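Before any comments, here is the structure.
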Amino acid sequence: MQANIGEVLAAINVLGECSDDIELHPRLRAIFSRLQVPSFIFSSFRVDTNGLTTDYRFLVGCNPEWIQIYQHRHWYSNDPYLQYARVNAMPALGSSIHITSAGQRAMCATARQYGFRSNLIVPAHSRGTSLLGVLHVASEVEVGDGGEARLFEWQALLRAIAMTLLDVRMMARRNLMVDKFELEERDLTALRLVLIAEPAQEVAKSMGLSVASIYSMYSRINERMGTSRINEAARLAQQNDLL
Numbered sequence: 046m047q048a049n050i051g052e053v054l055a056a057i058n059v060l061g062e063c064s065d066d067i068e069l070h071p072r073l074r075a076i077f078s079r080l081q082v083p084s085f086i087f088s089s090f091r092v093d094t095n096g097l098t099t100d101y102r103f104l105v106g107c108n109p110e111w112i113q114i115y116q117h118r119h120w121y122s123n124d125p126y127l128q129y130a131r132v133n134a135m136p137a138l139g140s141s142i143h144i145t146s147a148g149q150r151a152m153c154a155t156a157r158q159y160g161f162r163s164n165l166i167v168p169a170h171s172r173g174t175s176l177l178g179v180l181h182v183a184s185e186v187e188v189g190d191g192g193e194a195r196l197f198e199w200q201a202l203l204r205a206i207a208m209t210l211l212d213v214r215m216m217a218r219r220n221l222m223v224d225k226f227e228l229e230e231r232d233l234t235a236l237r238l239v240l241i242a243e244p245a246q247e248v249a250k251s252m253g254l255s256v257a258s259i260y261s262m263y264s265r266i267n268e269r270m271g272t273s274r275i276n277e278a279a280r281l282a283q284q285n286d287l288l
């Protein structure tokens, strides 16, 4: 069945209206069904300033037994596809990504048993955030029978999907952190100015407030964020994608 590109594009265009994975999942299922892509996983994780990865999250559209095994064995910590996506922005065929360890070979061999025989990896990067996304689509068709080639036909659409999913994840996390720290929009404005090393006098001038009001705001922000200095609060806000 040939996909109706107009309908697929329309479905992709409204993905950004979703606020969480519960809303995203059925819409993604419908899109990938039209594209005849039977399995997908969207992974997101954070890369800190030391290069360590944390906060893995998975939106799964494949055999649930596979993702249970994947998480139980902590394969995400050594997944060659996620490693590729950390340092590359272009989509890549699974067969082109180097497998460098016995653990990675075991992961790929097990994945094949659950329908991951042809694979396409679609990274999603965004400036100003430590959050990274990876859309992994797969089919049961062998590479030699054209499985990867069929997936690659949709790579432009898949890149659009991956970036939209990353945007949704970023916004959801931002809203969560704003609620957690009870920050108002003007607090975030002040923190943006602090981050670029603006002194309190310039922050006050930019925001149309008195210097005393700015220092009072700083004190409140520090209390809510558990920091002792406003520069620390600004860095913490940046690390949590608030700025």
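The sequence shown: position 152 = 197 (our numbering), numbered continuously.
Note that CB positions come from ideal geometry on N, CA and C, so glycine has one too.
Since the structure is predicted, the reported quantities are computational estimates derived from the model, not experimental observations.
Closest residue to residue i among the options (Cα-Cα distance)
i    : options                : result
Y159 : V182, T145, S140       : V182
G106 : Y260, I67, M152, N49   : I67
S251 : R237, S264, S261       : R237
P168 : V179, F161, T174, S175 : V179
P83  : M222, R195, V223       : R195
L104 : L211, N49, E268        : L211
D124 : N108, A242, I142       : I142
A217 : G51, G61, N49          : G61
N95  : C153, L127, E52, S175  : S175
P109 : A156, A147, D93, I144  : A156
R231 : A205, S261, E277       : S261
A278 : L240, I259, P244       : L240
Q283 : G192, V53, E185, R91   : R91
N285 : D224, R274, G253       : D224
Q200 : C153, P136, G191, M208 : P136
Beta-ladder partner(s) of residue i, from DSSP
i    : result
I266 : Bridge partners of I266: none, in fact.
T98  : V92
Nearest-angstrom beta carbon gap, residue j and residue i [assumed within contact, 8 angstroms]
i    : j    : result
S89  : R102 : 5 angstroms
A257 : V248 : That pair is no contact at about 12 angstroms.
L165 : L203 : 7 angstroms
L69  : V213 : 7 angstroms
L233 : L288 : 7 angstroms
F197 : L138 : 7 angstroms
Three-state secondary structure (DSSP) of residue i
i    : result
V40  : No answer is possible for residue 40: the residues shown for the chain start at 46 and end at 288.
H117 : helix
V179 : strand
R172 : coil
A134 : coil
S273 : coil
G61  : helix
G192 : helix
G148 : helix
A56  : helix
Q128 : helix
A48  : coil
L104 : strand
Range of the contiguous beta strand (DSSP E) that encloses residue i
i    : result
P168 : 163-169
S84  : 84-92
T234 : Per DSSP, T234 belongs to no beta strand (DSSP E); it is in the alpha helix (DSSP H), 230-240.
CB contact below 8 angstroms: residue i versus chain B
i   : result
V82 : This model lacks chain B altogether; it includes just one protein chain.
For residue i, the first and last residue of its enclosing alpha helix (DSSP H)
i   : result
H70 : 66-79
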